[in-house]
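Colleague: For the sequence shown, our numbering assigns the number 198 to the last residue and increments by one with no breaks. Every residue, glycine too, gets a C-beta built ideally from N, C-alpha and C. Predicted model only: the values in this text are computed from it and were never measured. Pasting in a structure now, in structure tokens, and then I'll have a few things to ask.
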Amino acid sequence: MSEIIEVIYEDGVLKPLKPLKIKDKKRLKIKIVDDDVEEF
């Protein structure tokens, strides 16, 4: 499964802007892309 989500980095934690449909304790990989970059 691949999904692009928007997050905010706050107090050392990445926080999704919308709820995620992911099981608790699920291990994932993320790619960090600055919001200023028009990659998507």
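I162 and L175 look like a contact to me (Cβ under 8 Å); what is the Cβ gap, rounded to whole Å?
Modeller: Going by Cβ atoms, the distance from I162 to L175 rounds to 12 Å, so no, they are not a contact pair.
Colleague: Can you give me the Cβ contacts of I180 inside the same chain, cut-off strictly under 8 Å, excluding the 5 residues immediately before and after it?
Modeller: Answer for I180: L186, listed in chain order.
Colleague: If I measure Cβ to Cβ from E164 and keep anything under 7 Å in the same chain, skipping five residues before and after, which residues do I get?
Modeller: Contacts found: L175.
Colleague: In the structure shown, what three-state DSSP assignment does V191 receive?
Modeller: Coil.
Colleague: So what does E168 bridge to, in DSSP terms?
Modeller: Paired residue(s): V171.
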